[in-house]
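Structure, as C-alpha cells:
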Amino acid sequence: MTDDFEGTLAVFAAAGVRWSSVTRPVARLEAADGRVGEHPVSYAAAVGGEPRIKVISAASGSVFVPVVAGPGVLAVHHLSYWVADVEVATAALVGAGWVVEATGLDADDSVRYRYLVHPLAGRIELGLEANRAEFDAWADSPA
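Numbering (our numbering), first residue to last: 551 to 693.
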C-alpha cells in the first residue's frame, strides 16, 4: 500500500521489476462491522510469477492504508494465499485466533477475497482460487 502509487512503481522498476498493466477498480469492501464501502484504488503486480509484489494505492477509510515500520520506512501490508473456499479457510483461521478485518465483494455481493489479522502474524489476504487464472493472466501481461 502506498500514498505515491506511480512513485512506488518507478522505484521498483529502477530495481528491475517489470509491472503488469495498472488496473483501477472500485473495491467493494465489507468491514468487520458489516458496513460496505466503495473505494477507488489502483494496483499493479510484478510480472514473472511467484512470489508476487503487488502495489496498491492507498484508500482512506479502508483496509488499503500503508503500514509504517518506522520513520520513513513502509512495511509489507499483507501476504496473499489462494484458497478453494474463503469461508472454510476463514473459519479455520478464526479458530486459530485470526480476526476478519475486511471482505472484498464482487458486484453480486459474493466474496472475492478477505483480509484477516493476527497480533503475532500481521495481515493475510485469502483469495478465491477460482479467480487465480484471471489474476495470473493479468499479472503476467507486461504494461
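For each residue, glycine too, the CB sits at the ideal point set by N, CA and C.
| query | result |
| --- | --- |
| For G494, which residues in the same chain have their Cβ closer than 7 Å to its Cβ, ignoring the five residues on either side in sequence? | Look at the range of the chain in this structure, 551 to 693, and you will see that residue 494 is not part of it. |
| Following the continuous alpha helix (DSSP H) through W688, name the residue where it begins and the one where it ends. | 682-689 |
| So, with DSSP's three-state summary, where would you put G645? | helix |
| Should the region 594-602 be regarded as contacting the region 670-680, the criterion being three or more beta carbon pairs within less than 8 Å? | no |
| Cα separation between T640 and Y663? | 10 Å |
| Should G654 go down as buried or exposed, given a rule of 16 or more other Cβ atoms within 10 Å for buried? | buried |
| Suppose you measure from the CA of V613 to the CA of E651; what does that come to, to the nearest Å? | 8 Å |
| Could you tell me the alpha carbon to alpha carbon distance between M551 and V615, rounded to whole angstroms? | 6 Å |
| Only counting the same chain, and skipping five residues up and downstream in sequence, which positions put a Cβ closer than 8 Å to that of V649? | A582, L666, V667, H668 |
| Where does L670 land, buried or exposed, given buried means 16+ other C-beta within 10 angstroms? | exposed |
| Measure from the alpha carbon of H628 to the alpha carbon of each residue in E637, V618, A634, then state which is nearest. | V618 |
| Could you name the residues of the same chain whose beta carbon sits closer than 6 Å to that of R568, not counting the 5 residues immediately before and after it, in chain order? | V597, P692 |
| Does T558 pass the burial test, meaning 16 or more other C-beta atoms within 10 Å, or should it be called exposed? | buried |
| Which runs of the alpha helix (DSSP H) fall wholly inside the region 551-621 and span at least 4 residues, in chain order? | 555-564 |
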